[in-house]
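Take any residue in the sequence shown, note its place counting from 1, add 93, and you have its number in my numbering.
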Amino acid sequence: MQIDAVEIFQVAMHLNAPWRTAYGEDATVETVLLRMHSGARSAWGETCPLASPTYSAEWAGGVFSVLRDWLAPAAVGRSFSSGEALAAELARFKGNPFAKAALDNAWWALAAELAGQPLHRFLGGRRDVVEVGEDFGVQDSIDTLLAQVGAAYAAGYARVKLKFRPGWGLEMLRAVRNEFPTQRMHIDLNGSATWEQSEMLTRLDDFHLEMIEQPMSGDDLIDHARLQSMLRTPLCLDESITSLARAEQAIDMGSCRWINLKPARVGGLTQAVAIHEACRAAGIGCWVGGMLESAVGARIALALATLENCTYPADLFSSSKFYSEDLADLPVVVETGPSGGRQLRCLDASGLGCSPDPERLARGTLAHAVCE
Ligand code: MG
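Next up, the structure:
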């Protein structure tokens with residue numbers, strides 16, 4: 094497929110409510126959208142590294158610059174017959190998986206569009222609907238959290254995920270487990286613990302969690318392997334998995350039994366599918382998460398979640414959870430399935446099936462570049 098031109102947009106999206114993280118509160122999410130042109134046809138990709146280098150080393154302004162100055166010029170005017178061929182061309186640029194994902198995801202969306210197939214089918218997905226879970230961060234009180242978790246189970250969410258932080262840890266978890274003794278749940282530490290806390294971490298076995306997500310640093314695989322050998326509860330790695338090579342090392346060392354696959358974090362769908370295959374061969378489960386992206390990026394992640402070895406409910410949400418108006422022309426809406434479970438349905442349209450609304454894109458654009 095010939096890449097004739099790409100347009101790159103750094104965009105601010107206003108949240109319904111400030112998003113509380115370990116480093117403060119954000120009123121907006123910054124994302125990067127990329128439109129890839131081949132002849133008269135085009136398609137969109139998205140990568141959402143957030144506004145500051147706090148989830149990973151990448152950030153939206155940096156991703157925009159790397160794409161404009163290095164990655165897009167290397168891809169435009171060339172023809173790539175596969176995502177692997179595009180990745181091989183970009184491999185001489187070190188790191189920057191979020192930036193590479195913008196091109197890779199757009200390549201897949203455009204290739205599916207040209208093939209006349211929905212992206213998830215083109216990718217090899219086996220189903221049209223994906224079961225989803227619900228997530229809860231730090232709340233004002235444990236009573237507030239208990240009410241929200243109860244409402245999520247009652248609404249049909251198959252599992253909940255709880256953020257676990259200093260000051261919002263064992264006591265919070267004990268209260269939730271007491272109230273909901275058998276329901277499926279797991280916790281996400283976002284790398285906030287250290288090896289010095291390994292004794293506390295082994296006590297988490299008492300809570301019969303589905304998994305413990307990213308307990309220690311995103312740089313680490315070794316301490317996670319040591320911790321997994323001390324725990325019955327499976328560990329799940331998220332921030333630590335940045336490429337196929339890292340995933341293969343984690344699998345070889347026994348660092349985890351689950352991988353949370355975010356396509357943007359690993360360089361796009363090409364690497365994400367390769368990691369999915371490596372996990373399947375090793376008996377390691379996968380599940381898909383999002384990054385507060387618009388419905389364009391959410392539909393890319395949703396397509397990935399239809400692959401066979403994605404067996405745990407996804408971290409993908411209705412657009413309305415974060416945005417009063419999604420940047421895309423078609424929002425993502427969680428629906429109730431025939432057995433009462435909450436799910437997301439893939440669109441029955443060729444390619445991605447949605448694109449940014451032109452007026453909303455123009456309003457939110459912070460920076461724009463064209464490479465042709
Ligand atoms: Mg996580």
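Here a beta-carbon is modelled for each residue, glycine too, at the ideal position from N, C-alpha and C.
Computed from a prediction, not measured in an experiment: that's the story for all the values here.
Name the DSSP beta bridge partners of LEU354, please? Taking the first residue of the sequence shown as position 1, residue 354 is located at position 261. Partner residues in the beta bridge of LEU354, as assigned by DSSP, are VAL381.
For ASP236, count neighbouring Cβ atoms within 10 angstroms of its own Cβ and tell me buried if that reaches 16, exposed if not. Mapped onto the sequence shown, residue 236 falls at position 143. In summary, ASP236 is exposed, with fewer than 16 beta-carbon neighbours lying within 10 Å of its beta-carbon over all protein chains present.
With which residues is THR458 paired in a DSSP beta bridge? On the sequence shown, position 365 is the one that residue 458 refers to. Answer is VAL104, bridged to THR458.
Should HIS301 go down as buried or exposed, given a rule of 16 or more other Cβ atoms within 10 Å for buried? By 1-based counting over the sequence shown, the position of residue 301 is 208. Exposed, by the Cβ-count rule.
Any chance the CB of GLU123 is under 6 Å from a heavy atom of the ligand MG? Residue mapping note: residue 123 aligns to position 30 of the sequence shown, counting from 1. Proximity of the beta carbon of GLU123 to the ligand MG is not indicated: no heavy atom of the ligand is located closer than 6 Å.
My output table needs one value for ALA167: the three-state DSSP class, helix, strand or coil. Counting from 1 along the sequence shown, the entry for residue 167 is found at position 74. Correct three-state label for ALA167: helix.
Helix, strand or coil at VAL426 according to DSSP, with G and I counted as helix: As a working note, residue 426 is residue 333 in the sequence shown. Three-state DSSP puts VAL426 in coil, outside helix and strand.
When DSSP labels each residue in this structure, what does THR237 get in the three-state scheme? Sequence index remark: in the sequence shown, residue 237 carries index 144 (1-based). When secondary structure is reduced to three states using DSSP, THR237 falls in the helix class.
Which residues share a DSSP beta bridge with ILE315? As a first step, residue 315 must be located in the sequence shown, where it is residue number 222. For ILE315, no pairing in a beta bridge is given by DSSP.
Pair within 7 Å by beta-carbon distance, ALA365 and LEU397: Sequence index remark: in the sequence shown, residue 365 carries index 272 (1-based). Sequence index remark: in the sequence shown, residue 397 carries index 304 (1-based). LEU397 is positioned such that its CB atom lies closer than 7 Å to that of ALA365.
Within 6 Å: the Cβ of GLU303 and any heavy atom of the ligand MG? Position 210 of the sequence shown, counted from the start, is the residue given in the question as residue 303. No.
For PHE102 and THR458, the rounded distance between their alpha carbons: Locating residue 458 in the sequence shown gives position 365, where the first residue counts as 1. Locating residue 102 in the sequence shown gives position 9, where the first residue counts as 1. So the alpha carbons of these two residues sit roughly 6 Å apart.
According to DSSP, is GLY155 helix, strand or coil? Counting from one through the sequence shown, the residue named residue 155 turns up at place 62. Residue state, collapsed to three classes: helix.
Indicate whether GLY284 and GLN321 have their beta-carbon atoms separated by less than 7 Å. For the purposes of this step, residue 284 is taken as the residue at position 191 of the sequence shown. For the purposes of this step, residue 321 is taken as the residue at position 228 of the sequence shown. Contact flag unset, no.
Per-residue burial, ILE315 [other beta carbons within 10 Å of its own, 16 or more giving buried]: Within the sequence shown, numbered from 1, the residue matching residue 315 stands at position 222. If you draw a 10 Å sphere on the C-beta of ILE315, you find fewer than 16 other C-beta atoms in it, and that means exposed.
Counted within 10 angstroms of its Cβ, other Cβ atoms place GLN307 as buried (16 or more) or exposed: Counting from 1 along the sequence shown, the entry for residue 307 is found at position 214. Buried, because 16 or more other Cβ atoms sit within 10 Å of the Cβ of GLN307.
What residue does the alpha helix (DSSP H) around LYS193 start on, and which one ends it? In the sequence shown, the residue the question calls residue 193 occupies position 100. Note, LYS193: alpha helix (DSSP H), 190 to 208.
Looking at the unbroken beta strand (DSSP E) that takes in VAL253, where does it start and where does it end? As a position in the sequence shown, residue 253 is number 160, starting the count at 1. VAL253 -> beta strand (DSSP E) spans 253 to 256.
What is the rounded straight-line gap between the Cα of MET265 and the Cα of THR335? The count along the sequence shown starts at 1 and reaches residue 265 at position 172. The count along the sequence shown starts at 1 and reaches residue 335 at position 242. A direct Cα-Cα distance of roughly 30 Å separates MET265 from THR335.
For VAL125, the nearest candidate out of GLU139, SER131, ASP119 and GLU118 (CA to CA): In the sequence shown, counting from the first residue as 1, residue 125 sits at position 32. If we check each option's Cα against that of VAL125, GLU139 comes out closest.
Taking the alpha-carbon positions, what's the THR399 to ASP299 distance? Counting from one through the sequence shown, the residue named residue 399 turns up at place 306. Counting from one through the sequence shown, the residue named residue 299 turns up at place 206. Each residue's Cα considered, the two are about 32 Å apart.
CA-CA distance, ALA167 and SER291? Taking the first residue of the sequence shown as position 1, residue 167 is located at position 74. Taking the first residue of the sequence shown as position 1, residue 291 is located at position 198. About 45 Å.
7 Å CB neighbourhood of ALA343 in its chain, flanking five on each side removed: Sequence index remark: in the sequence shown, residue 343 carries index 250 (1-based). Excluding sequence neighbours, ALA343 sits near LEU314, LEU330, SER333, ILE334 and CYS349.
DSSP on GLU306, reduced to helix/strand/coil? For the purposes of this step, residue 306 is identified with residue 213 of the sequence shown, where counting begins at 1. Correct three-state label for GLU306: strand.
Who are the near neighbours of PHE186 in its chain, counting only those whose CB is closer than 6 Å to its CB and skipping five residues on each side? Working through the sequence shown from its first residue, we reach residue 186 at position 93. Contacts found: TRP163.
Taking the alpha carbon of ILE393 as the reference point, which residue from ALA375, LEU437, PHE273 and PRO274 has its own alpha carbon closest? Taking the sequence shown and counting its residues from 1, the one referred to as residue 393 is at position 300. Answer by Cα proximity: LEU437.
Looking at the structure shown, is GLN95 part of a helix, part of a strand, or coil, going by DSSP? Residue mapping note: residue 95 aligns to position 2 of the sequence shown, counting from 1. It is a strand residue.
Quick check: is any heavy atom of the ligand MG less than 6 Å from the C-beta of GLU227? Indexing the sequence shown from 1 puts residue 227 at position 134. The answer is no for GLU227.
For SER412, count neighbouring Cβ atoms within 10 angstroms of its own Cβ and tell me buried if that reaches 16, exposed if not. One-based indexing of the sequence shown puts residue 412 at position 319. Label assigned to SER412: buried.
Does the segment 142 to 160 come close enough to the segment 189 to 204 that 3 or more CB-CB pairs lie under 8 Å? Inter-segment contact for the segment 189 to 204 and the segment 142 to 160 is present: three or more beta-carbon pairs are separated by less than 8 Å.
Is the segment 382 to 390 touching the segment 130 to 139, taking contact as three or more C-beta pairs under 8 Å? The segment 130 to 139 and the segment 382 to 390 touch, with three or more beta-carbon pairs separated by less than 8 Å.
Cα separation between GLN276 and PRO406? Residue mapping note: residue 276 aligns to position 183 of the sequence shown, counting from 1. Residue mapping note: residue 406 aligns to position 313 of the sequence shown, counting from 1. Per the coordinates, the alpha-carbon of GLN276 lies some 13 Å from the alpha-carbon of PRO406.
Anything with a beta carbon under 7 Å from a heavy atom of the ligand MG counts; list them all in chain order. For the ligand MG, the selected residues are ASP281, ASN283, GLU306, GLN307, ASP331, GLU332, ASN353 and GLY382.
Taking GLU224 as part of the beta strand (DSSP E), name the residues at either end of that continuous run. Start at 1 with the first residue of the sequence shown, and residue 224 comes out as number 131. GLU224: member of the beta strand (DSSP E) spanning 222 to 224, first to last residue.
Alpha carbon to alpha carbon, how far is VAL253 from GLU227? Along the sequence shown, one-based indexing puts residue 253 at 160. Along the sequence shown, one-based indexing puts residue 227 at 134. Distance between the alpha carbons of VAL253 and GLU227: 5 Å.
With a threshold of 16 other CB atoms inside 10 Å of the CB of LEU263, please say whether the residue is buried or exposed. Position 170 of the sequence shown, counted from the start, is the residue given in the question as residue 263. Here LEU263 is exposed, its C-beta having fewer than 16 other C-beta atoms within 10 Å.
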